[in-house]
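Spelled out as C-alpha cells, the structure:
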C-alpha cells in the first residue's frame with residue numbers, strides 16, 4: 001500500500017524550500033508547533049537548527065553557519081542555505097537572532113515583508129493553508145475551510161485528509177478511458193448510450209461507490225443508470241448553488257442534501273463549472289438544471305440579491321435576479337454604490353451561461369445594460385444642467401456637441417435603450433414596465449431642462465455678442481463649401497433631412513472605420529462640427545439655409561395662405577427648385593442625385609460621377625420614416641440610412657471626389673411613446689399660416705403663456721411674419737402630426753445641425769487582399785433550429801484550409817425572407833462590430849489558422865411573412881459571398 005499523500009503539507013514544504021533558494025537563511029518561528037513534522041522531513045543538504053533551551057547556543061550555531069558561508073558572501077552570493085526553526089515567538093528571543101534574520105529572512109505568523117523586499121513572510125496556518133487550498137479548491141470552499149481554521153477546529157493533518165483524493169477503481173478508469181474524476185462524472189451524465197453496457201457489465205454499483213467517495217453522494221439503491229444520473233445531477237447542482245451563494249447556513253438551504261467535506265465540495269464546484277462551460281454539454285446542462293430546479297422546489301426567492309448574484313446554477317436564479325435588477329434600477333433614489341453593484345451584476349449576467357443559452361434572456365440583460373448606461377449618463381448630465389449658471393446659446397451648443405462629454409450622448413443612449421427594450425415588448429413583468437417608465441421620464445426631464453435653458457439663453461442673447469459665438473447654419477455654404485470650390489476641389493454636398501447631431505456622430509464613427517487610411521489618424525480625415533440651425537427648423541427653410549446666398553437673405557414669405565422660403569430674393573418652394581438654384585449658382589459641371597440613385601455603384605455611375613465638379617446628394621429617408629412610422633421602426637430605419645450614407649461616401653471616393661460635406665436641415669425630438677397629454681398647450685391666437693407641434697407661423701400673434709413669441713427680425717429672417725415656439729417640451733394642439741416625433745422648436749436636439757467634413761484627397765485605404773472564400777471555410781451556426789421571437793443568435797467562424805497569414809476580416813451578415821433582405825440590426829455581438837453597417841470585425845487567433853468565433857444576436861424590425869429565413873455571410877469590403885445559404889425555420893405564434 002502506497003503511503004498517504006499530504007497535499008497541503010507538501011505545498012508548504014515546497015514553499016519553504018523556494019524561500020531557502022531565494023534568501024539563503026530562514027529563521028522560522030512556529031509558536032503553535034503547526035509545522036514540526038514538515039521541518040523533520042529533511043531538506044536535502046540544508047542544515048536545520050532547532051531551539052534547544054538556549055537562544056545564545058542557537059546563535060553560536062548560526063554564526064558558525066555564517067562563517068562557513070563567508071567565502072560565498074565575499075563573492076557577492078547570499079549566505080546559507082540554513083533553516084533555523086523555533087517553536088516560540090520572535091519577541092521571546094529578545095533579539096538574540098537579529099543578525100541571522102538580517103542576513104536572511106524571518107518567517108512568523110502575521111510577519112510583514114521587510115522594507116524594500118517583496119517577500120511573503122507570513123506563516124500563519126490560515127495564510128499558508130489558503131494558498132495551498134487555492135491550488136485545488138474553488139474560492140468559495142477555501143473561504144469555508146479558512147473559517148474553520150480560524151475557529152480552531154481544523155489542524156494541518158486535517159487539511160491533508162480533507163483534500164486527499166481517493167483512488168479511482170481501475171474498472172472505471174478503463175471504462176471511461178480517463179483517470180480524471182471530473183471527466184468520469186461528466187461522461188456518465190452526458191452519455192446515455194453506455195447505460196446498456198453499465199447494466200450488462202454490472203458497473204452500476206461501482207458508479208454509486210465512485211460518486212459516494214468522490215462527491216459525497218448519499219449511498220442508496222439505484223435501479224438504473226438513469227435514476228442515478230438524475231440523483232447525481234441534483235446532488236451536484238444543489239450543492240454548487242449553495243456553495244456559490246456563500247452561506248450554507250441560510251434558511252433557503254435548510255432541508256437540502258448539502259455536504260461539508262471540502263474535497264468533495266471543491267470537486268463539485270469544478271465539475272459543475274466545467275459542465276456549464278463545455279459547449280458540447282451546455283444543452284444537457286440546461287435541460288437537467290431546469291429539471292432539478294422544477295422538482296427540488298428551491299426557495300431561491302428567499303435569498304438576498306447579494307447571494308443570488310453569485311448563483312449561475314439555475315435559470316430560475318437568473319430570472320429572479322433579472323427582475324430584481326429591473327426593479328432596483330427603476331427606483332429613482334438608488335444610491336451610486338448600489339447602482340454600480342447592479343451595473344456589475346448586469347454586465348456579468350449579459351455574458352453569462354443563461355444569456356448564451358437563451359436569446360430572449362440575453363436580450364433582457366442587454367436591455368438592462370442599456371438602462372444602466374442611460375441612467376448613469378443621465379445622472380451626470382443632470383448635475384451639469386442643475387448648475388445655476390447663466391448660459392449663452394453658444395455655450396449650450398458646445399456643451400451639447402462636445403466629442404467626449406457632450407449631452408448628445410444622452411439621445412444616443414436613450415435610442416439604444418428603446419431599441420433593446422423593443423425586443424422585450426411582450427415581457428409581462430411589471431418591473432420592466434417600471435424601468436421603461438423610469439428611463440423615459442428621466443429622458444423627458446433632462447431634454448426638457450436643456451430646452452428650457454436654451455430658450456432662456458435665447459431670450460437673453462445679444463445679436464452682437466453672439467455674432468462670433470455661434471456658427472450659423474445659413475453660413476455653411478459660404479464658409480465650408482464655397483472655399484473648396486474656389487480652390488478647384490471636387491466636392492460632394494450631401495443634404496440629409498433630419499440628420500440629428502447624435503446620429504451624425506454615429507455616422508462619423510462608421511465613416512472613420514470605413515475610410516481608415518494607414519498612418520493617418522481617422523479624426524484627421526472625418527470631423528464633425530455643430531452649427532446653429534435656423535428657426536423654425538422645418539424642411540423648406542432648413543434646406544434653403546444650406547444654399548448659397550442664405551447668408552445674405554433668408555426668410556419665409558406668405559403665399560396663398562401658407563409660407564414659402566426665399567433665398568437672396570428668390571423663392572425656392574421644393575427640392576426641384578433647390579437643385580435648379582444650385583446648378584445656377586455653382587460654376588462647373590454640377591450633378592444632383594438622391595441617395596437612392598447612388599445605392600448601386602455601377603461602373604456607369606462611377607464614370608458619370610468622375611465628370612462632375614460639384615455633386616449634390618439629397619436624402620429624405622429619416623424624416624419620412626419618422627413622420628410615417630412608430631418610434632421603434634423609425635429607429636431601426638436610422639441604421640439603414642447611416643449604412644446607405646457610408647456606402648454613398650465610398651462610392652464618391654471611388655469616383656475621385658476630393659471633399660465630402662454632409663449636413664442637415666434640422667434635428668428632432670423622438671420619444672419611445674406618445675408624449676403625455678400634460679405637455680399639450682393651446683396654439684396661440686392669431687392669423688396662423690402654418691402650425692406644427694413645435695412652432696406657429698403667421699400674423700397678428702396674440703398674447704399668451706407657455707410660448708416664446710419672436711418676430712422675423714428676432715430670428716434673422718425676411719418676410720415680416722411672426723413666430724411662436726412652445727416652452728420646454730410642450731407641444732401645440734394642432735390637427736394631424738405625430739405625438740412621438742417633433743421638429744421645428746427650440747431644443748438642442750432640434751436646432752443643433754451637424755456638419756461632417758470628409759477629406760478624400762489622398763484616397764481611401766485599400767485593404768490588404770483577403771484570402772479567397774475557397775481558402776477559408778466559413779461557417780454559420782444558428783443557436784437554434786427555429787426562430788421563435790424578435791431576437792435570434794448565430795455564430796460566425798472561419799478556418800483556413802491551408803497555411804495563410806490571416807488578417808482581421810470585416811464580414812456582413814444578411815438575413816433574407818422570400819428572396820429579399822430583412823431589416824435586422826446587430827443587437828449584441830461577442831466580437832468587435834460596427835452596428836451602423838451591420839458588420840463584424842473578426843480577429844484571427846494568435847498562432848492558429850482560425851478566426852475567433854463570434855456569436856451575434858440579431859433583432860428583427862418586424863416579423864417576416866414567411867415560414868423560414870435564410871442567412872448569408874458576405875465580405876463587407878468586396879460583397880463576395882463567403883457562406884450560405886443557411887435556412888432557419890420561423891415559428892412565431894403571434895405576429
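Numbering (our numbering), first residue to last: 1 to 895. Yeah, the Cβ is synthetic: ideal placement off N, Cα and C, and Gly gets one too.
- DSSP places residue 690 in the strand class (E or B) of the three-state scheme.
- Residue 238 sits close to residue 257, with the two beta carbons spaced by under 8 Å.
- For residue 833, the enclosing beta strand (DSSP E) covers residues 832 to 834.
- Residue 232 carries a helical assignment under DSSP once its states are collapsed to helix, strand and coil.
- Taking 8 Å as the cut-off, the beta carbon of residue 694 is found no closer than this to the beta carbon of residue 638.
- Nearest to residue 185 by alpha-carbon distance, out of 391, 201, 236 and 709, is 236.
- Nearest C-alpha to residue 373 among 255, 334, 395 and 413: 413.
- Excluding five sequence positions before and after residue 48, the CB atoms of its chain that fall closer than 7 Å to its own CB belong to 39, 83 and 85, given in chain order.
- Under the three-state reduction of DSSP output, residue 400 falls in the helix class.
- Annotation for residue 789: 360 place their beta carbon closer than 6 Å to its own, counting only its chain and skipping 5 residues before and after.
- By the Cβ-count criterion, residue 555 is buried, with 16 or more other Cβ atoms from all chains shown falling within 10 Å of its own Cβ.
- Where residue 637 is concerned, the enclosing alpha helix (DSSP H) starts and stops at 631 to 654.
- In terms of Cβ geometry, residue 189 and residue 233 form a close pair [threshold 8 Å].
- In the structure shown, residue 861 falls within a coil segment according to DSSP collapsed to helix, strand and coil.
- Taking the C-beta atoms as reference points, residue 856 is found no nearer than 8 Å to residue 871.
- Under DSSP, residue 840 takes part in a beta bridge, and its partners are 811 and 833.
- Residue 702 sits away from residue 744, with the two beta carbons spaced by 8 Å or more.
- As computed with DSSP, residue 710 is found in a beta bridge with 723.
- Excluding the 5 residues flanking it on each side, residue 150 has same chain C-beta neighbours closer than 8 Å at 126, in chain order.
- Taking the CA atoms as reference points, residue 200 sits about 25 Å from residue 284.
- Excluding residues up to 5 positions away in sequence, 617 and 662 lie with their Cβ nearer than 6 Å to the Cβ of residue 494 in the same chain.
- Counting along the chain, residue 544 sits inside the alpha helix (DSSP H) bounded by residues 539 to 544.
- Here the C-alpha atom of residue 615 lies approximately 52 Å from the C-alpha atom of residue 331.
- Note: residue 253 is not bridge-paired with any residue in the DSSP secondary-structure output.
- The shortest C-alpha to C-alpha distance from residue 849 to any of 28, 805, 140 and 23 is the one to 805.
- When the five nearest sequence neighbours on each side are left out, the beta carbons in the same chain lying within less than 6 Å of the beta carbon of residue 442 are those of 378, in order along the chain.
- Every unbroken stretch of the alpha helix (DSSP H) spanning 4 or more residues and falling wholly within the region 265 to 302 is given here in chain order: 282 to 296.
- For residue 478, there is no enclosing beta strand (DSSP E), since its DSSP letter is neither H nor E.
- Cβ-Cβ distances below 8 Å link residue 121 to 105, 106, 107, 108, 111, 112, 113 and 114 in the same chain, with the five nearest sequence neighbours on each side left out; the list follows chain order.
- Among the bridge pairs identified by DSSP, residue 718 is matched with 555.
- Around the CB of residue 117, fewer than 16 other CB atoms lie within 10 Å, so the residue is classed as exposed.
- Boundaries of the alpha helix (DSSP H) harbouring residue 170: 170 to 176, taken from the DSSP string.
- Cβ-Cβ separation between residue 212 and residue 222: approximately 11 Å, too far for a contact (criterion under 8 Å).
- Pairing residue 300 with residue 252 gives a Cβ-Cβ distance under 8 Å.
- One thing to note: residue 683 has its Cβ within 8 Å of the Cβ of residue 732.
- By the C-beta density criterion, residue 552 is exposed, having fewer than 16 other C-beta atoms within 10 angstroms.
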